[in-house]
Every structure is written in C-alpha cells, then in structure tokens.
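Protein chains in written order, with this note's numbering: chain A, 49 to 343; chain B, 49 to 343.
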C-alpha cells in the first residue's frame with residue numbers, strides 16, 4: 049500500500065463528506081479553491097457558507113518536499129524528503145443547539161521509511177445534551193473496538209488532554225478521540241489505515257445524527273450570544289494551543305485553509321459568568337477531562 | 049528611586065487615563081476588579097463598555113515572587129526573586145473610523161539587581177487616514193526626541209517588527225514605538241523612567257485627537273463589517289504572536305485581565321479580499337513595515 053493509495057482514498061472521503069454535508073445543510077454548496085504549495089504538492093480547500101452550516105471547511109491536501117532541519121527536529125525524524133496527506137474538517141452551525149464538530153485524518157512518511165497515521169474527531173457543543181454525548185462516545189467506542197480493545201480508552205484520554213484550553217481550565221468540548229504517530233511494521237500498515245478509514249467514515253453518520261436532532265430547535269437571542277462566546281473559546285484554543293494550527297502557521301502553510309477552522313462570528317465579554325443553575329453553567333460543568341460518557 | 053515609586057506612578061497614570069477616557073466616551077465609567085496573585089502582588093483591572101469605546105481595558109499590576117527556572121531562562125536572568133509592574137491598555141472603539149489603540153509601560157527587576165523598562169504604543173486603524181498616521185508618528189517622534197535622538201528610529205522599527213502578523217504578511221496597524229529591556233547604570237535609571245513616563249503620558253493626548261476627529265464620522269454596514277474583519281486580525285496577532293499574551297497565559301496570569309485585549313465582536317470570512325481601489329484595499333497597502341510617516 050503506497051502513499052498514493054492513501055491520498056487517493058482521502059480525496060474520495062472529502063468528496064463523500066462534502067456531498068453528505070450539502071444534503072444536510074440543504075441551502076448551499078461547497079466552493080473549492082485548488083492551491084499549490086511552492087515546495088511541492090497542494091490541496092483542495094472546500095468551504096460551505098449556508099443557512100444551517102454557517103461556516104464550514106472540508107480540506108484535502110497532499111504535500112511533499114524536503115524537511116527543514118527545524119521541522120525534522122520537531123517531528124523527531126532525520127532530515128529527509130517527506131510526504132503528508134490528510135483531510136481536515138471544522139463545521140460551525142448556525143443553530144446554537146447543534147454542536148461544532150472537527151475531524152482530521154492524516155498520513156505522513158519520510159524518504160527514509162518512517163511513516164505514521166494520525167487523526168481524531170471531537171465535538172464542541174454550545175449546549176451539552178447528555179444523550180448526544182452518550183451517542184457520540186458510544187459510536188466512537190464501537191469504531192475503536194472493531195480495531196483494538198485499547199483504542200477507545202487510549203485515544204479518548206488523548207483527546208481530553210489535547211483539546212484542552214489550559215488558560216481557561218476547560219476542555220474545548222466533550223472530547224472524542226485523538227491519536228498521532230500510529231506506526232508499526234509493514235504488516236501493520238493496512239490495519240492501521242483501516243482504523244483511520246473507519247474514523248473518517250464515522251464522521252457523516254455522527255454529524256448527521258447530532259445535526260438533524262437539533263437543527264430545528266428553537267433558540268433565544270441570549271442562547272445565540274452564548275454560542276458566540278463559546279466560539280470565542282474555540283478561537284482561543286485553535287490560535288493559542290492547537291499544535292496543528294501553530295505548525296501550519298509556522299511553516300508557511302496556506303493561511304486561509306488553516307484558519308477555515310475559525311467561526312464567522314465570535315464574541316468576548318469581559319469576565320462573563322453564567323448564572324448558577326443555568327443551562328450554560330451546566331454546559332461548563334461538563335467541560336472537563338475524564339468524563340466517561342459510555343457508562 | 050525604588051520600585052515602589054515606579055509602581056505608584058503607574059497607578060497614578062492608570063487613574064489619570066481612566067478619568068480621561070470616561071470623559072472621551074461620555075456614556076460609561078470603568079468597572080474595577082481588584083485581584084491578587086497567589087505567588088505575590090496583584091492588580092486593578094478596569095474595563096469600560098460604553099457607546100463610543102465599545103470595549104476597553106486599562107490594567108495596572110504590581111506582582112512579585114520567585115522566578116521559576118524556566119521563566120528565569122526565558123528572561124535571561126539568574127534564578128531569583130522578581131518584581132514586575134506596569135500599565136496595559138487596549139481600546140476597541142464602536143466607530144470603525146476610530147482606530148484601535150494599545151499602550152503599555154512596564155518595569156521589571158530581580159533581587160540580584162537586574163532591572164529594566166519596557167513599553168510602547170501602537171495604533172491599529174480599521175481605515176488608515178494618512179493625516180492621522182502623520183500626526184501620531186510626529187507626536188511620538190517629539191516624545192522620543194526629547195530623550196534620545198535615536199529612540200524614535202530604533203523604537204519605531206522595533207514596533208514594525210514586533211506588531212507583525214507573520215502568517216498574513218501584514219503589520220497589525222500603522223505601528224508606533226516598542227522597546228524592551230531598556231537598562232543601564234544606576235544614574236541612567238531616572239532618565240529612562242522619565243522616557244517611559246512621557247510615553248505613558250502621551251497616550252491621552254494622542255487618543256483624544258484620533259478619537260474626537262472620527263467619533264462622529266458616518267459609516268455604512270459594509271464598513272462596520274470591515275471593522276469586524278480587522279478585529280479578527282487583531283485577535284490573530286494577540287493570540288498567535290504577541291509575546292506578552294503568550295507569556296501571561298503560559299505563566300498562569302489572570303486570563304480575563306490578559307484577554308481584555310480582545311474585541312467584543314470579531315468576524316472571519318473565508319478568503320475575504322477587498323475590491324481593487326477601495327478604501328479597504330488602500331488600508332491593506334499601508335499595513336507593512338518601514339513606512340516613514342514623519343516625512
């Protein structure tokens with residue numbers, strides 16, 4: 049199985065997900081920007097701005113070139129040529145009862161035979177509904193369990209640690225799974241890819257369920273403002289802590305493709321604290337590590 | 049001249065600036081949060097949310113304690129006790145024709161006799177007016193020239209380099225002055241403090257002029273949207289590149305005081321590009337290093 053097979057499967061996943069999301073939104077289609085990287089390769093950035101998915105991006109890229117010494121050091125590999133491909137998604141819905149979702153699957157290899165997979169999927173509700181969180185984590189657990197009995201436990205905890213806004217002492221949302229540098233012998237490559245494929249293909253059924261459950265929920269102006277405040281936290285995580293974003297911006301990645309993850313609108317109110325016992329306070333109480341949603 | 053004299057002068061500056069800004073806004077007063085730092089010291093965070101100054105903060109702090117080894121390394125001093133005091137201001141006006149402004153003056157010393165001053169003032173117009181930029185830089189140059197013939201040149205260039213959004217290849221605004229680690233012999237301490245004092249006291253006359261010139265300017269919905277987009281860039285600079293913000297968030301500073309710099313509302317539109325020949329495009333053309341506004 050070579051890198052082109054993986055890249056080509058990722059491209060197909062992008063197509064499949066974009067088609068599914070256009071049906072879900074029902075009002076808009078994706079616009080595509082194809083771009084090339086000066087050092088080699090390029091990508092297809094696809095953006096949707098609809099009535100229901102207010103702003104969303106589904107990006108594919110496959111880039112290659114020579115690792116700079118600093119990059120090689122950061123990745124803990126020898127200086128060499130590299131190839132990297134992946135699909136990245138962030139969707140910001142209009143309705144505050146629909147959560148923000150993020151998914152990423154990626155593959156990396158160097159010319160001296162290092163290779164690994166990474167990926168993850170996590171959900172950031174503006175309002176936490178316990179039944180949604182349970183559905184989401186149960187679904188992820190079944191995806192993980194089909195590949196390795198430890199994956200859900202390990203990759204769920206990894207997500208709790210990764211999607212953490214340290215300066216707020218809050219997780220970004222209700223977590224999900226996150227994994228990086230999944231590697232092994234050459235016989236393990238296809239099974240690892242199969243896991244990554246199943247994670248990628250879990251995206252549409254998961255988001256369809258969360259989206260259709262809430263897309264027609266009524267909401268107030270005050271709930272819309274809370275959504276803007278939570279989006280502010282999403283911006284804080286992505287710009288301050290997200291290693292993928294920092295890596296992209298530091299290495300002259302295509303800024304508009306990287307920052308498609310930011311919402312259309314966000315708000316910061318000084319020292320905003322929800323009223324005790326409110327739905328907003330309840331949501332904050334769930335933004336912590338170590339909650340087991342599968343029991 | 050000891051640290052308490054400096055801290056006490058900074059406190060007075062905060063009072064003076066808050067009183068001046070309340071008069072300028074004319075609709076709101078500052079609310080104050082006094083806070084204490086677990087390791088020693090504390091501050092007075094003051095926030096105004098008025099009709100004309102939509103969101104602004106004028107913060108004073110004076111903190112002390114023991115430097116962690118990593119902090120001592122970052123500051124290039126030996127492990128020791130430290131004292132740090134300063135005033136930080138960011139104002140986001142309602143009217144897009146009024147610029148965002150930032151000012152900071154600060155003093156740092158260690159128990160083994162290292163001490164230095166830092167500071168700066170810079171302006172981020174949503175729309176660049178050449179006459180405003182000329183007034184601003186001429187005023188700064190006269191403040192600098194009264195202290196050292198090289199200060200304006202050196203500290204203006206330092207601001208161009210510091211207030212730079214690398215991933216956008218844009219400066220944050222039209223610059224200003226920035227300086228750090230101004231130090232010297234004990235005889236040089238008072239003259240350096242005098243420079244910092246003059247920078248601090250230049251804030252009110254500078255902002256009063258820029259504010260009153262434009263606070264009644266008419267503006268369209270489209271110009272208001274451009275303001276939101278430019279605020280998005282301000283958020284990007286502060287969260288991705290600003291060393292002061294990163295330092296504060298990394299060292300468990302008071303998050304709400306640090307992030308008072310963020311605007312109430314910001315917007316991100318995918319790949320937004322102003323029309324050729326528009327006022328917005330003209331503004332972008334001025335967001336680069338090395339423009340001499342004093343000629």
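Each residue gets a CB set at the ideal place from its N, CA and C atoms; glycine is no exception.
Rounded C-alpha distance that separates residue i from residue j
i	j	result
residue 94 (chain A)	residue 168 (chain A)	19 Å
residue 70 (chain A)	residue 76 (chain A)	6 Å
residue 154 (chain A)	residue 166 (chain A)	5 Å
residue 317 (chain B)	residue 288 (chain A)	20 Å
residue 335 (chain B)	residue 105 (chain B)	25 Å
residue 192 (chain B)	residue 271 (chain A)	49 Å
residue 152 (chain A)	residue 241 (chain A)	13 Å
residue 161 (chain B)	residue 118 (chain B)	19 Å
residue 251 (chain A)	residue 65 (chain A)	8 Å
residue 189 (chain A)	residue 56 (chain A)	27 Å
residue 50 (chain A)	residue 201 (chain B)	56 Å
residue 311 (chain B)	residue 140 (chain B)	6 Å
residue 244 (chain A)	residue 231 (chain B)	55 Å
residue 146 (chain B)	residue 198 (chain A)	57 Å
residue 261 (chain B)	residue 54 (chain B)	33 Å
residue 136 (chain A)	residue 58 (chain A)	10 Å
residue 96 (chain A)	residue 255 (chain A)	15 Å
residue 150 (chain A)	residue 87 (chain B)	38 Å
residue 194 (chain B)	residue 235 (chain B)	18 Å
residue 196 (chain A)	residue 293 (chain B)	42 Å
Residues bridged to residue i [DSSP beta-bridge criterion]
i	result
residue 136 (chain B)	B:107, B:152
residue 171 (chain B)	B:149
residue 95 (chain B)	B:79, B:105
residue 213 (chain A)	A:218
residue 291 (chain A)	None; residue 291 (chain A) has no bridge partner.
residue 131 (chain A)	A:112, A:157
residue 313 (chain A)	B:315
residue 141 (chain A)	A:101
residue 225 (chain A)	A:169
residue 230 (chain A)	A:165
residue 84 (chain B)	B:90
Nonlocal neighbours in the same chain, by C-beta distance under 6 Å from residue i, ignoring five residues either side
i	result
residue 111 (chain A)	85, 89, 132
residue 123 (chain B)	none
residue 181 (chain B)	222, 341
residue 156 (chain A)	132, 164
residue 82 (chain A)	92
residue 331 (chain A)	175, 176
residue 204 (chain B)	225
residue 212 (chain B)	219
residue 259 (chain A)	72, 146
residue 322 (chain B)	328, 329
Rounded Cβ spacing between residue i and residue j (contact assumed at less than 8 Å)
i	j	result
residue 265 (chain A)	residue 143 (chain A)	6 Å
residue 315 (chain B)	residue 276 (chain B)	4 Å
residue 184 (chain A)	residue 210 (chain A)	Wrong, their Cβ atoms sit about 17 Å apart, outside the cutoff.
residue 290 (chain B)	residue 224 (chain B)	Going by Cβ atoms, the distance from residue 290 (chain B) to residue 224 (chain B) rounds to 14 Å, so no, they are not a contact pair.
residue 218 (chain A)	residue 278 (chain A)	In fact, because the Cβ distance is near 10 Å, the residues do not count as touching under 8 Å.
residue 285 (chain A)	residue 238 (chain A)	Rounded, the Cβ-Cβ distance is 34 Å, inconsistent with contact.
residue 343 (chain A)	residue 100 (chain A)	With a Cβ gap of about 32 Å, residue 343 (chain A) and residue 100 (chain A) do not count as contacting.
Residue closest to residue i, alpha-carbon to alpha-carbon, out of the options
i	options	result
residue 338 (chain A)	A:203, A:295, A:146, A:208	A:208
residue 309 (chain A)	A:61, A:138, A:56	A:138
residue 148 (chain A)	A:164, A:173, A:50, A:66	A:173
residue 283 (chain B)	B:307, B:261, B:253, B:300	B:307
residue 134 (chain B)	B:330, B:82, B:108	B:108
residue 114 (chain A)	A:244, A:159, A:295, A:281	A:159
residue 60 (chain B)	B:239, B:220, B:249	B:249
residue 253 (chain A)	A:67, A:343, A:236, A:286	A:67
residue 247 (chain B)	B:187, B:292, B:102	B:187
residue 319 (chain A)	B:62, B:79, B:52, B:63	B:79
residue 179 (chain A)	A:130, A:125, A:257, A:129	A:257
Residue i: CB within 6 Å of a non-hydrogen atom of the ligand GDP
i	result
residue 262 (chain A)	The ligand GDP is not part of this structure, which contains no ligands at all.
7 Å CB neighbourhood of residue i in its chain, flanking five on each side removed
i	result
residue 98 (chain B)	73, 75, 76
residue 300 (chain A)	none
residue 327 (chain B)	175
residue 229 (chain B)	164, 166
residue 127 (chain A)	115, 117, 120
residue 274 (chain B)	144, 174, 328
residue 267 (chain B)	143, 144, 145
residue 214 (chain B)	289
Cβ neighbours of residue i in the same chain (closer than 8 Å, five flanking residues each side left out)
i	result
residue 297 (chain B)	303, 306
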